[in-house]
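Novice:
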Amino acid sequence: MSANISKSIKSQAKPGRTLAILALILIAFSALAFIQGDKVKLGLDLRGGTSVTLQPRVAKGGTVSSASIAQAVAIIRQRVNAFGVAEAQVTAQGTGNNQQIVISVPGATGTSIVDKVGQTAELRFRQVLAVGAGNSKTTSTSSTSTSTVTIPKPGTKATPTPTPTKAATLTPTYPTGVTAALDAQFAALDCTKTANRQGGNLDSPGSAIVACSADHNKIPDTNKYILGPAEVVGTDISTASAQLDQTNGNGWMVLLNFKSSGTSKFGAITTRVVKLGAPQNQVAVVLDGLVVTAPTIQSAITAGNAQITGNFTQADAQTLADQLKYGALPLAFDRGDVQQVSPTLGANQLHDGLLAGLLGLILVVLYSILYYRGLGIVSVGSLTIAGGITYLLFILLGKWIGFSLSLAGIAGAIVSIGITADSFIVYFERLRDEVRDGRSLRTAVDTGWTRAKRTIIVADSVSLIAAALLYFFAVGDVRGFAATLGLTTFVDLFVVFFFTKPLVTLFSRMHFFASGHPLSGFSAKSLGVVTGKDVA
């Protein structure tokens, strides 16, 4: 037994070095928070935000099913979460054709987020049949005139003369696949008007359409197209991701991987059009009724992947990839009322909640000092360090991923006080047991830690699993509680390994603690070895 104890003491980490590493981490986090100059972002219930209503666009005589609305809510919620807005609320209201979707987002960014997540994101690949300027009036390329011939009398020369009662007529020649009806739609659509480049149009994948180009980076692109029926649709896509086009230096692009059915469809359309002349050797990528890009097909693409390019910024490419990744909305929506939401909690309620958390913290500190005496300094320090790291993480995560703190999140932070207290209580009690068994304090610090850390890890792992399950299967404020609980539990594990244990190791080398001073927490009376009566 003594050999194992000696080996444990010899192999222990240097507490001074561990505490120095912790100090460097705290300094680095503090510097990052100071450079960013941000504060903790508050959730919708604490600081208010923006609420936007989406109204389903229904054709005359059509209906809106509850199943479609529920599917749209689920997809929009996934898209909002992809932007890191954990405290956003997405709910359905109303019945029948009066159903609406309400998106509430903390702060003033709600409108811009809805612009990104409320699009239908119906992606279709269509062959280009004709292309022209935004205000072109026809796609015909040639015409012929007709006239009548007067039959002369015998012996005279025949000369063609127009019939005075019949005007000359034109016979337009359209590109292959273009009809007079499509040409009329082409002439009627003016893509120089901003209203016609907003997207969100419902179209039939089995019919040819006329469409405008999408604006890239807010720069108008006023080309318009006649496009054939869709041959590959969004449901044929397996995954989508945004990447930097380092090969061609064309900025950001979206990479698509097709399912097996999509692979064969995309291979068929590219194999067919590659043999044609311009512009019918182009395949347009149509999103929400707008042409994102219409590249010329240089060779058949049968490997099951493709690239969407179009002078995207990183944000635009990531938004498009997220929209495609999380599916297409089953309905098109018009944006309705945009309102500023006031905090759902008054200042008094928020003040009372923070006061309750502060009182709980004070009670834990008083209990630690009264029960553990000098050792209570470690518990107070552990709580302080854990609180400081948590606060810095709230600031940094708010900047990096849009994390916002709601009242439910504050509840999770208050619960974490008990989790942190449990960790050092488990260690302290194990340490005192080792001293009661006759070991010196310096030896008990390591033997007690070897046994206590397993219990601490298991207990915190249970909290982390519970937080993860809550986060992935819950919605709204519950996700905020789960996110904060998981974050603070991880912080507790970090603190107990990098602060609590090293500090106790340093204290064990001090005569004040090693000698069992009455105020150290390791006196015979504090350990329960003797009672006050025995001392008398």
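Residue numbers (our numbering): 3 to 538. Even for Gly, the Cβ is constructed at its ideal location relative to N, Cα and C. Since the model is a prediction, treat every value here as computed from it, not as a measurement.
Put F509 into one of helix, strand or coil per three-state DSSP.
Specialist: Three-state DSSP puts F509 in a helix.
Novice: As a quick exercise: from Q80, F524, S425 and L508, pick the residue whose alpha carbon is nearest that of R19.
Specialist: Looking at the Cα atoms, L508 is the closest of the given residues.
Novice: Going by CA-CA distance only, name the one from V382, S381 and S406 that's closest to Y393.
Specialist: S406
Novice: How far does the beta strand (DSSP E) with K226 in it reach, from first residue to last?
Specialist: Judged by DSSP secondary structure, K226 falls within the beta strand (DSSP E) whose first and last residues are K226 to V235.
Novice: Would you say the stretch 479-494 touches the stretch 417-428, given that touching needs at least three Cβ pairs under 8 Å?
Specialist: Under the three-pair Cβ rule at 8 Å, the stretch 479-494 counts as touching the stretch 417-428.
Novice: Using a 10 Å radius around the Cβ and a threshold of 16 neighbouring Cβ atoms, would you call W451 buried or exposed?
Specialist: Its Cβ being crowded by 16 or more others within 10 Å, W451 is buried.
Novice: Could you check whether the Cβ of A454 sits closer than 8 Å to any Cβ belonging to chain B?
Specialist: The structure shown contains no chain B; it holds only a single protein chain.
Novice: From T249, R126 and D192, pick the residue whose C-alpha is nearest to that of G208; which is it?
Specialist: R126
Novice: Taking a contact to mean a Cβ-Cβ separation below 8 Å, would you say G45 touches S408 in this structure?
Specialist: yes
Novice: Can V493 be considered in contact with the ligand PLP, in the sense that its beta carbon sits closer than 7 Å to one or more heavy atoms?
Specialist: As for the ligand PLP, it is missing from this structure, which has no ligand bound.
Novice: Should T295 be labelled buried (16 or more other beta-carbon atoms within 10 Å of its own) or exposed?
Specialist: buried
Novice: Considering only residues of the stretch 392-459, which uninterrupted beta strand (DSSP E) runs meet the minimum length of 3 residues and lie entirely inside it, listed in chain order?
Specialist: none
Novice: For the beta strand (DSSP E) that contains S240, what are its first and last residues?
Specialist: I239 to L246
Novice: Which residues in the same chain have their Cβ closer than 6 Å to the Cβ of T304, if we skip the five residues on either side of it in sequence?
Specialist: G269
Novice: Considering only the beta carbon of each residue, do V54 and R337 sit closer than 8 Å?
Specialist: yes
Novice: With a Cβ-Cβ cutoff of 8 Å, do K139 and A189 count as a contact?
Specialist: yes
Novice: Do the stretch 264-283 and the stretch 233-240 make contact, defined as three or more Cβ pairs closer than 8 Å?
Specialist: Flag = yes, the stretch 264-283 and the stretch 233-240 touch.
Novice: By DSSP, does S215 sit in helix, in strand, or in coil?
Specialist: strand
Novice: Buried or exposed: which applies to T150, given that a residue is buried once 16 or more other Cβ atoms fall within 10 Å of its Cβ?
Specialist: With a pLDDT of only 38 at T150, under the threshold of 50, the placement of this residue in the model should not be trusted; the figure read from the coordinates follows. Exposed, by the Cβ-count rule.
Novice: With DSSP run on the structure shown, which of helix, strand or coil describes T137?
Specialist: The question names Thr, yet the displayed sequence has Asn at residue 137. Note: N137 maps to coil in three-state DSSP.
Novice: Is L512 buried or exposed, if buried means 16 or more other CB atoms sit within 10 Å of its CB?
Specialist: Here the sequence assigns Met to residue 512, which means Leu is not the residue at that position. Answer is exposed; the Cβ neighbour count stays below 16.
Novice: Quick check: what's the CA-CA separation for V380 versus T502?
Specialist: 6 Å
Novice: Verify whether the separation of the beta carbon atoms of A413 and L433 is less than 8 Å.
Specialist: In this structure, L433 does not lie closer than 8 Å to A413 by Cβ.
Novice: Under 8 Å, do A232 and R128 count as touching if we go by C-beta distance?
Specialist: In contact: A232 and R128 (Cβ atoms closer than 8 Å).
Novice: Are G378 and S384 close, meaning C-beta to C-beta below 8 Å?
Specialist: Not closer than 8 Å, so no.
Novice: Sorted by chain position, which residues of the same chain lie with C-beta nearer than 7 Å to Q187's C-beta, five sequence neighbours on each side aside?
Specialist: V212
Novice: Helix, strand or coil: which one does DSSP assign to A170?
Specialist: Low confidence applies here, because A170 scores a pLDDT of 49, under 50, leaving its location unreliable; read the following figure in that light. If DSSP states are grouped into helix, strand and coil, A170 belongs with coil.
Novice: Could you give the C-beta distance for Q95 and F335, rounded to a whole number, given that I count them as a contact under 8 Å?
Specialist: Between F335 and Q95 the Cβ distance is about 13 Å, and since that is not below 8 Å, they are no contact.
Novice: How would you label K43, buried or exposed, when you count the other beta carbons within 10 angstroms and need 16 or more for buried?
Specialist: buried
Novice: Tell me where the beta strand (DSSP E) around V256 begins and ends.
Specialist: W254 to F260
Novice: According to DSSP, is L292 helix, strand or coil?
Specialist: strand
Novice: Leaving aside the five residues before and after I228 along the sequence, list all residues of the same chain whose C-beta is less than 7 Å from its C-beta, in chain order.
Specialist: L131, A132, T141, V180, L184, F188, A210 and V212
Novice: State the DSSP-derived secondary structure class of T165, mapped to helix, strand or coil.
Specialist: Bear in mind that the predicted position of T165 carries a pLDDT of just 48, short of 50, making it too unreliable to give a figure here.
Novice: What residues match up with D336 in a beta bridge as DSSP calls it?
Specialist: The partner list for D336 (beta bridge, DSSP) reads Q57.
Novice: Quick check on this structure: which residue in D439, M255, I387 and V75 has the alpha carbon closest to the alpha carbon of L26?
Specialist: I387
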